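Written below as structure tokens is the structure these notes are about.
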Amino acid sequence: MAKQNNTAPMKGAVKRPVFPFSAIEGQQELKTCLILTAVDPLIGGLLAMGDRGTGKSTTVRAFASLLPPIKAVRGCPYHCDPAQPQSACEQCRNAAKLDTETIQVPVVDLPLGATEDRVAGALDLERALSRGEKVFEPGLLAKANRGYLYIDEVNLLEDHLVDLLLDVAASGENLFEREGLSVRHPARFVLIGSGNPEEGELRPQLLDRFGLSVEVKTPQDVASWVEIVKRRDAYERDSESFLAQWLDEEQKLRARIEAGRKKLKDVVVPDSVQEAAATLCIALKTDGLRGQLTIIRAARALAAFEKQKTVALTHIKRMALPSLRHRLRRNPLEETGSTARIERAILDVLGP
Amino acid sequence: MTRDDISDATWVAGLLALDGFGLGGAIVSAEAAEDFIAALNTARGPNGAMRVVSSTMSLDALTGAIDLAATLAFGKPVHTEGLLATSPQLLIRRAEKLDTACTSLLAQALDRNQMLLLAILDPYDPEAILAAKLEARLPFVVDGPTEHYWTYSDIERARTKIKTALLDPKWVQDLCDAALAIGIASPRFVTQAVATARALAALQEQDVDESTVALAARLVLAHRAQHAPPEQQDDDEQQEPPPQPPSPDSGESENDAEQNPGDAELILEAIKSALPANLLNLAADGLGKRGAGRNVKSAAPRKSGGQRGRRIGHKRATSLAGQRLDILATLRNAAPWQTLRRTWAGADRMVVTRDDFRVSRIKQRNEATAIFAVDASGSTAFQRLAEAKGAVEAILAECYVRRDRVALVAFRGKKAELLLPPTRSLERAKRALAGLPGGGGTPLASGLDEAYALAVQVRRTGGNPIVIVLTDGKGNITRAGVGNKAKAFEEAQSAAKLFAAEGFDAMIIDVSPEPQKSARGLAADMHATYLPMPRASALDIARPISTALKSISR
Chain A
1 MAKQNNTAPM KGAVKRPVFP FSAIEGQQEL KTCLILTAVD PLIGGLLAMG DRGTGKSTTV
61 RAFASLLPPI KAVRGCPYHC DPAQPQSACE QCRNAAKLDT ETIQVPVVDL PLGATEDRVA
121 GALDLERALS RGEKVFEPGL LAKANRGYLY IDEVNLLEDH LVDLLLDVAA SGENLFEREG
181 LSVRHPARFV LIGSGNPEEG ELRPQLLDRF GLSVEVKTPQ DVASWVEIVK RRDAYERDSE
241 SFLAQWLDEE QKLRARIEAG RKKLKDVVVP DSVQEAAATL CIALKTDGLR GQLTIIRAAR
301 ALAAFEKQKT VALTHIKRMA LPSLRHRLRR NPLEETGSTA RIERAILDVL GP
Chain B
1001 MTRDDISDAT WVAGLLALDG FGLGGAIVSA EAAEDFIAAL NTARGPNGAM RVVSSTMSLD
1061 ALTGAIDLAA TLAFGKPVHT EGLLATSPQL LIRRAEKLDT ACTSLLAQAL DRNQMLLLAI
1121 LDPYDPEAIL AAKLEARLPF VVDGPTEHYW TYSDIERART KIKTALLDPK WVQDLCDAAL
1181 AIGIASPRFV TQAVATARAL AALQEQDVDE STVALAARLV LAHRAQHAPP EQQDDDEQQE
1241 PPPQPPSPDS GESENDAEQN PGDAELILEA IKSALPANLL NLAADGLGKR GAGRNVKSAA
1301 PRKSGGQRGR RIGHKRATSL AGQRLDILAT LRNAAPWQTL RRTWAGADRM VVTRDDFRVS
1361 RIKQRNEATA IFAVDASGST AFQRLAEAKG AVEAILAECY VRRDRVALVA FRGKKAELLL
1421 PPTRSLERAK RALAGLPGGG GTPLASGLDE AYALAVQVRR TGGNPIVIVL TDGKGNITRA
1481 GVGNKAKAFE EAQSAAKLFA AEGFDAMIID VSPEPQKSAR GLAADMHATY LPMPRASALD
1541 IARPISTALK SISR
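Residue numbers (the working numbering), protein chains in the order written: chain A, 1 to 352; chain B, 1001 to 1554.
This is the structure we're talking about:
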């Protein structure tokens, strides 16, 4: 699978299946938000900030294996969508006939220390050395096209990579102009970032690129701990049968995501709900329109996932926190956290 | 020797020999390392000795890369295999120097149960901290003697039991109770303890019972304790914590759910026996956090010290003197021409000419770190502490846009204290500031010393320190913590002169109601900018500092 790409396969070591998404205890907000990015990828990514050891990475990796498979052009390094030639790469656009295959949604890990070559692509050394040909070797951005790009410790990402990501995320394309090569290829992906806020802040420009943001906390009650440890122990001891035990849940959830996707375009957003979202954003003085657009999109995806035909006020209320939490102007002297400010505003503007 | 009296380190050696990939590894102190590794290698037998690697290894060493010599010789790319694939049992010396990329990869390998890692920290640097990401994934700490106890056949016998060793679900409950009682931060560590208990049972060829659970708790949880477990008795016992178990009949409200209240206490007893002594003296109200026996700060992993600045690309080399050849870029540049050049030069291998040479372009990390030394003594505290706090926060808000860092030293009473190690985090700064009390004498010299030490450390790791002292300059406590105005003045003067000698950028903000001669004198000794701020608000203080920071960070 694409997510394994950073490491060579290990000799002798046992390759384990990933911990099932449905078996993750707690983390409700993170799980819901991840699902919504699958229902509507245009929501624009997710930022999960929290202490270490809260299971952020585990949850994201588990989510990867839950996603329904997609159709793609066979052999295309960008796995273009055969049904959408206008957003395909040059080769797929010009090809007379396209061979298709079904693949797993790519989930690509962007390691912190990755070089620009590795991320954006580079001259293919092998071809150049052996045959003297100038060929572009696609990087991680190409691999992540139509899928997910996951950056753990996104707040520690080097500035030059952040710049690169901002460009690509804004245009949906990777423009490569180096080493005598000129390549342009589609790179549309959902950005997932996680990190520990104690280790540093995100640059505001990057922060704004994330559609949703959640705060991940470790549960503090014994009962959840016991459940977490028991499930983890069962998985560590015999991952195959643990997976079999959760297979049913996983399939149900996958089917619900697919149903939500199909329903999405039919979900109606009444004017009154639009207005409520706008009033809330004005009351909170969020920067720009992106916040309001995200609330509406997320609320619509939530309604679709929950098999509703229209977006209701409750959907707005539930999505306001993850959509706006990272968009409030930060006043360093203000003691109240963003979460508390939004909760208060929801109560004031939208009522209990 | 019986199994009852083998040392903790010996148990860990057996555990890691048995299920190294499953358990992850250990942090090993430099003194204990030699014996421990010898014992572990013996017990691992034909499974291979630990592979010693340097923490300054490149990412390529882990993942594999192009083998340059072979590639040039054969005229086609030859790949080497990385350590992750060839020998996933690594021993890393000076592991605190691992860069973030290697750290991430190692952590991923540990998550997939594909790595056995022993980390040894620099014994000469008491502030060496392993990257939190790895620290959390290594269950054990080895700092005592290891005996040659386990043989390979012991381990092989245990291997057949490890999948079948039964663990009564009530132990999970008890371990969780015990972990929460000593402030363990994440259920991950309980999972590690459960896996350890299983492996211990396998080593002893029995099922999991109270002795294995208690031992697992001691090995995995005790060193992560944030505070001593709450005592059932009242506060009068706290001065001298009882080494004997608390009376079993005293009820414990949190443990209603469990069948046998004695078991969680048994685990806690085992943990207590291994707690660092200073923790036991602290009440379980969170005060213990700062005194935790080990460095569990979630500091960002340090950048490797050897190479300052990051590579931002490469450029054509006009001369190679003193520059580092970027071999990959050079090859890449030569590659497209090879077919042509080979026919032309009649060579049968790669032809590289002077024109192809590329050298790395390195950008110096010019990151500025603002070190605030705040006088929180009685003379300044009550009027100016709030402004000083506000100024630090305001600077921090700017710093995080510019990627600068902020650190905070406070001095009051008898000594100075580092409240906030260099950070970019608003949240940490806020928390550190909120907890800053005021009042007491002015140990000015100690405050300056602490700031100076920090500035030296920042410069050593390639940063650019600027020291900002908020004080009235009236020191009255000596370094030894004694009230003596004349001596304190002398000491402060000599401390200040150190800054001038090192040429650190410094600034003295005089926060007294009237500009003070003492503060002005101090600034002269430090070669620092002197700013009297008799009635400044937080933002007034922040403004000149922010200008100064901007000028040195770019």
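Note that the Cβ used here is the ideal one computed from N, Cα and C, for glycine as well.
What you are looking at is a predicted structure, and each value in this text was computed from that prediction instead of being measured.
Contact list for residue i against chain A, beta-carbon separation under 9 Å
{"i": "LEU1418/B", "result": "Correct list: empty, because the minimum Cβ distance to chain A is about 16 Å."}
{"i": "PRO1022/B", "result": "Reading the sequence as shown, one finds Gly at residue 1022/B and not Pro. In chain order: GLU236."}
{"i": "THR1369/B", "result": "Result: empty, since nearest Cβ-Cβ is about 13 Å, beyond 9 Å."}
Candidates the options: closest to residue i by CA position
{"i": "PHE1489/B", "options": "ASP1472/B, LEU1138/B and SER1425/B", "result": "ASP1472/B"}
{"i": "ALA1043/B", "options": "TRP1150/B, ALA1136/B, LEU1098/B and THR1080/B", "result": "TRP1150/B"}
{"i": "ASP1168/B", "options": "PRO1145/B, GLU1147/B, ASP1154/B and VAL1194/B", "result": "VAL1194/B"}
{"i": "ARG943/B", "options": "PRO111/A, ASP163/A, GLY200/A and GLY55/A", "result": "For chain B, the structure presents residues 1001 to 1554; residue 943/B sits outside this window and is missing."}
{"i": "LEU1118/B", "options": "ARG1112/B, ALA1128/B, ASP1111/B and ARG1094/B", "result": "ARG1094/B"}
{"i": "VAL168/A", "options": "ASN155/A, ALA142/A, ILE346/A and ALA299/A", "result": "ALA142/A"}
{"i": "ILE1545/B", "options": "VAL1172/B, GLY1483/B and VAL1467/B", "result": "VAL1467/B"}
{"i": "MET1507/B", "options": "SER1153/B, GLY1045/B, ASP1355/B and HIS1527/B", "result": "HIS1527/B"}
{"i": "LEU30/A", "options": "LEU46/A, CYS80/A and ARG209/A", "result": "LEU46/A"}
{"i": "GLY1014/B", "options": "ASP1449/B, ALA1264/B, LEU1340/B and TYR1152/B", "result": "TYR1152/B"}
{"i": "THR1339/B", "options": "SER65/A, ASP51/A, GLN104/A and ARG127/A", "result": "ARG127/A"}
{"i": "GLY26/A", "options": "LEU164/A, VAL190/A and ARG231/A", "result": "ARG231/A"}
{"i": "LYS1497/B", "options": "PRO1515/B, GLY1521/B, LYS1474/B and GLU1514/B", "result": "GLY1521/B"}
{"i": "LYS1556/B", "options": "PRO1088/B, ALA1085/B, ASP1125/B and PRO1422/B", "result": "No statement about residue 1556/B is possible, as the shown extent of chain B runs from 1001 to 1554 and does not include it."}
Local conformation of residue i per DSSP, three classes
{"i": "GLU215/A", "result": "strand"}
{"i": "ILE1182/B", "result": "coil"}
{"i": "GLY325/A", "result": "As written in the sequence, residue 325/A is Arg, which differs from the Gly given in the question. Of the three classes helix, strand and coil, the one that applies to ARG325/A here is coil, per DSSP."}
{"i": "HIS1148/B", "result": "coil"}
{"i": "TRP1467/B", "result": "What sits at residue 1467/B in the sequence shown is Val, not Trp. DSSP places VAL1467/B in strand when its eight states are reduced to three."}
{"i": "LEU1175/B", "result": "helix"}
{"i": "HIS1223/B", "result": "helix"}
{"i": "ARG146/A", "result": "coil"}
{"i": "VAL60/A", "result": "helix"}
{"i": "GLN1556/B", "result": "The structure shown has nothing for residue 1556/B, since chain B only spans 1001 to 1554."}
{"i": "GLY1475/B", "result": "coil"}
{"i": "ILE151/A", "result": "strand"}
{"i": "TYR1452/B", "result": "helix"}
Straight-line Cα distance separating residue j from residue i
{"i": "LEU1023/B", "j": "ARG261/A", "result": "41 Å"}
{"i": "ALA1158/B", "j": "VAL1012/B", "result": "14 Å"}
{"i": "ILE342/A", "j": "LEU166/A", "result": "27 Å"}
{"i": "LEU1175/B", "j": "ILE1327/B", "result": "53 Å"}
{"i": "ASN1047/B", "j": "GLY1025/B", "result": "15 Å"}
{"i": "ARG188/A", "j": "ARG146/A", "result": "6 Å"}
{"i": "LEU125/A", "j": "ARG1332/B", "result": "6 Å"}
{"i": "VAL1078/B", "j": "PHE176/A", "result": "26 Å"}
{"i": "ALA1524/B", "j": "ILE1509/B", "result": "13 Å"}
{"i": "ASP1143/B", "j": "THR115/A", "result": "37 Å"}
{"i": "VAL162/A", "j": "ALA1486/B", "result": "54 Å"}
C-beta atoms of residue i and residue j nearer than 8 Å
{"i": "VAL353/A", "j": "TYR150/A", "result": "Past the boundaries of the shown model lies residue 353/A; chain A is included only from 1 to 352, so the question cannot be answered."}
{"i": "THR1478/B", "j": "ALA1432/B", "result": "no"}
{"i": "THR102/A", "j": "PRO69/A", "result": "yes"}
{"i": "ILE1182/B", "j": "GLN1114/B", "result": "no"}
{"i": "PHE1372/B", "j": "VAL1392/B", "result": "yes"}
{"i": "LEU1448/B", "j": "LYS1389/B", "result": "no"}
{"i": "THR58/A", "j": "PRO82/A", "result": "no"}
{"i": "PRO1123/B", "j": "GLU1031/B", "result": "yes"}
{"i": "GLY139/A", "j": "VAL154/A", "result": "no"}
Chain E contact residues for residue i, given Cβ-Cβ distances below 8 Å
{"i": "TRP225/A", "result": "Absent from the structure is chain E; the protein chains it does hold are A and B."}
Chain-ordered neighbours of residue i on chain B, where CB pairs are closer than 9 Å
{"i": "PRO197/A", "result": "SER1425, LEU1426, GLU1427 and ARG1428"}
{"i": "ALA299/A", "result": "Here the premise fails: no neighbours, minimum Cβ distance about 29 Å."}
Within chain B, the residues that residue i reaches when beta carbons sit closer than 7 Å
{"i": "PRO69/A", "result": "The premise fails here: PRO69/A is roughly 23 Å from chain B at the closest Cβ pair, so nothing lies under 7 Å."}
Contacts of residue i in chain A (Cβ-Cβ under 7 Å)
{"i": "ARG1094/B", "result": "Per Cβ cutoff of 7 Å: no residues; ARG1094/B is ~18 Å from chain A at best."}
{"i": "THR1146/B", "result": "Chain A residues near THR1146/B: none, gap ~26 Å exceeds 7 Å."}
Amino acids of chain B, ordered along the chain, whose beta-carbon sits closer than 8 Å to that of residue i
{"i": "ASN201/A", "result": "Inspection of the sequence shows that residue 201/A is occupied by Glu rather than by Asn. Within 8 Å Cβ-Cβ: TYR1400, ARG1424, SER1425 and LEU1426."}
Chain A contact residues for residue i, given Cβ-Cβ distances below 8 Å
{"i": "ILE1104/B", "result": "Checking the displayed sequence, the identity of residue 1104/B turns out to be Ser instead of Ile. Under the 8 Å cutoff, chain A gives PRO111, LEU112, GLY113, ASP152 and GLU153."}
{"i": "THR1160/B", "result": "Residues of chain A passing the Cβ test: none, with the nearest at roughly 15 Å."}
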